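Listed in order, the protein sequences are those of chains A and B.
Quick note on the working numbering: the first sequence kicks off at 37 and runs consecutively.
Quick note on the working numbering: the second sequence kicks off at 12 and runs consecutively.
Here a beta-carbon is modelled for each residue, glycine too, at the ideal position from N, C-alpha and C.
None of the values given here were measured: they were computed from a predicted structure.
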Amino acid sequence: MKRPTYTLSSLIKKVFRPGERSLPRHEIKERLQQFLTAYGYELDSETALAKILQMKQSPVRVGHTEAIIELTYQPHQLFDLAYRFLRDTHTPKKFEQIVPELRRQTQFSWNQVTRLLELERDPRFVQYQGDPRWFLAEWKVANDHVYDFMRTNGLRQISLRSLAYFLEHEVGISLREELFLPEADDRFQLEGESLMIVEEAADTPPAMDGHDSLQQAHGPEEHPPMPLEGRAEAAATVSPEWKTKQESIEEEIFVNTLETKSTAAEVSQLLRQALGRLEERNQQMAAEVVSFFQQSNLQAIEELMQEKHKNEQIVQGLRQLLTMTDEQ
Amino acid sequence: MNRDQNLIRLEQRFAILHEIIEAYRLRLQTMEAEVVELFAANHLAAISERIQEKQRIVRLIHKLEQFVARWETMEHSGIDHETKRT
């Protein structure tokens, strides 16, 4: 089972949520475990973390105590320029492609750029296994959507161009915003401009919302991939059918159900994210209180308490909304 | 400082002072944990008391440390239980 899978050092970057610089070890292990399971790693978080910490350009290190793990990333304008370059071009790039661009934009020498630009450390950049290119962590992978779309509509083969069209108009995904990585996914087979899907033995559980990165590469148990001949055969036997099927797609039916379902799911997910964010802030505040206490800054603590009070009210409101959304 | 054992242990006076300083530092650490709890429970007044207490302890530690630094190096010129001076 091959899916776009983050490398270990990229996986640990996803563990940190935006704005987080350090986390308690147990929290990291907990989150890391979820990612490891979701991506089909057969490692426990303890071993994985130890491995990552030993890496030469590890994105994390042990903090001032063993119980704290922090990011090693130090901001530098080169990182920001590289980030902008990838964001603006919206294409994954190899390191060798990024360096010349940064040299063009700055006065830094080739040596300086290669020495300073340790993308391994910056949490905004990630890599997939078996792919030397750098991606932005914020990019979403559309593979599950494409797979679901093709299966729902009984498409075995489609040209890349019409796929982009269908996705944009029927599912509401623009391949300009999300990335489609068929090469890293053994559910897909590319032949020139046409894309084929390879059926798996059992149904994949329908992802509640493919936008969640955790679920993107989430497959079920290991399925032995079909032998190559079998795939070609399967593709060949169904290819005459797909044309007629493609024409007879009942647009309204799947568009409507898919959209309302995914909107509600998305809203509920966003609410949960907001709750998670507030929870995070709560933990942060505990750390801030200690530092204000050390500075004897009662006023700052008072302000923090007001913020906490306000956040608690928001949490309460969000919880109510969430129950409402879930009941619908 | 175990009063039952010995009321005056002059030869250990600096060791005892170091212990006292260490105990105060531990107290500061537990206070930090307390403050986090108090913050969670919205007890601003109690936090304010802790801050005053902390400032008092910090001053005390500072003075004790100064004292130790001033006299520990001159131990042999002072009163000592063991070496009886003539």
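In the DSSP annotation of this structure, Q193 (chain A) is not part of any alpha helix (DSSP H); the continuous beta strand (DSSP E) holding it starts and ends at 193-195. Less than 8 Å separates the beta-carbon of S58 (chain A) from that of E106 (chain A). The three-state reading of DSSP puts S59 (chain B) in helix, counting H, G and I together. From the beta-carbon of V325 (chain A), the residues of chain B found nearer than 7 Å are V46, V47, F50. Rounded to the nearest whole angstrom, the C-alpha separation of D221 (chain A) and I233 (chain A) is 10 Å. Ranking A:L203, A:V207, A:L196, A:H126 by CA distance to the CA of A173 (chain A) puts A:H126 first. Neighbours of L55 (chain B) across chain A, judged by C-beta separation under 9 Å: L334, I337, E338, M341. Looking at the backbone, the Cα of R67 (chain B) and that of P128 (chain A) are separated by about 58 Å. For R187 (chain A), the closest C-alpha among the options A:E63, A:S145, A:S46, A:R223 is that of A:R223.
Neighbourhood of E22 (chain B) in chain A, by CB distance below 8 Å: empty, with the nearest CB roughly 36 Å away. Counting C-beta pairs with one atom in each stretch, the stretch 114-122 of chain A and the stretch 83-93 of chain A have fewer than three that are closer than 8 Å, which means they do not touch. Across the set A:Q113, A:R53, A:E56, A:M321, the C-alpha of A:Q113 shows the shortest separation from the C-alpha of Q143 (chain A). At a cut-off of 8 Å between beta carbons, A322 (chain A) contacts chain B. Using a 10 angstroms sphere on the CB of P111 (chain A), the tally of other CB atoms stays under 16, which defines it as exposed.
For I105 (chain A), no alpha helix (DSSP H) encloses it; the enclosing beta strand (DSSP E) starts and ends at 104-107.
Neighbours of E64 (chain B) in chain A, taken as residues at a C-beta separation under 8 Å, are lacking, since the least C-beta distance is about 11 Å. With its beta carbon at least 8 Å from every one in chain B, F161 (chain A) lies outside the interface. At least one C-beta of chain A is nearer than 8 Å to the C-beta of E43 (chain B).
Residue-level contact check: F329 (chain A) touches chain B, since one or more beta carbons of chain B fall below 8 Å from its beta carbon. Residue contact check for I27 (chain B) against chain A: no CB pair falls below 8 Å. For I58 (chain B), at least one C-beta of chain A is nearer than 8 Å to its own C-beta.
DSSP, read as helix, strand or coil, puts V96 (chain A) in strand.
For I104 (chain A), the CB contacts under 6 Å within the same chain, skipping 5 residues up- and downstream, are S58 in chain order. Counting only the Cα atoms, V47 (chain B) lies some 32 Å from F78 (chain B). Sequence-distant Cβ neighbours of L39 (chain B) in its own chain, meaning closer than 7 Å and more than five residues away, are K65, I68. Comparing alpha-carbon positions, the option among A:F115, A:A118, A:I64, A:A74 lying closest to V98 (chain A) turns out to be A:I64.
When DSSP states are grouped into helix, strand and coil, L211 (chain A) belongs to the coil group. Taking C-beta atoms as the reference points, I32 (chain B) and I72 (chain B) count as a pair closer than 8 Å. The residue from A:D362, A:S94, A:R157, A:V207 with its alpha-carbon nearest to that of N179 (chain A) is A:V207.
Comparing C-alpha distances from G312 (chain A) to each of A:L153, A:L44, A:R67, A:P168 shows the shortest one belongs to A:R67. L72 (chain A) and E60 (chain B) have their C-alpha atoms some 46 Å from each other. In the DSSP assignment, F131 (chain A) falls outside any beta strand (DSSP E) and lies within the alpha helix (DSSP H) extending over 131-141. Ranking B:R36, B:A51, B:H54 by CA distance to the CA of Q330 (chain A) puts B:R36 first. In the displayed model, M91 (chain A) falls within coil according to three-state DSSP, outside both helix and strand.
Looking at the DSSP output, F224 (chain A) bridges to A:I233. Residue environment: L226 (chain A) is assigned as exposed (fewer than 16 neighbouring CB atoms within 10 Å of its CB, all protein chains considered).
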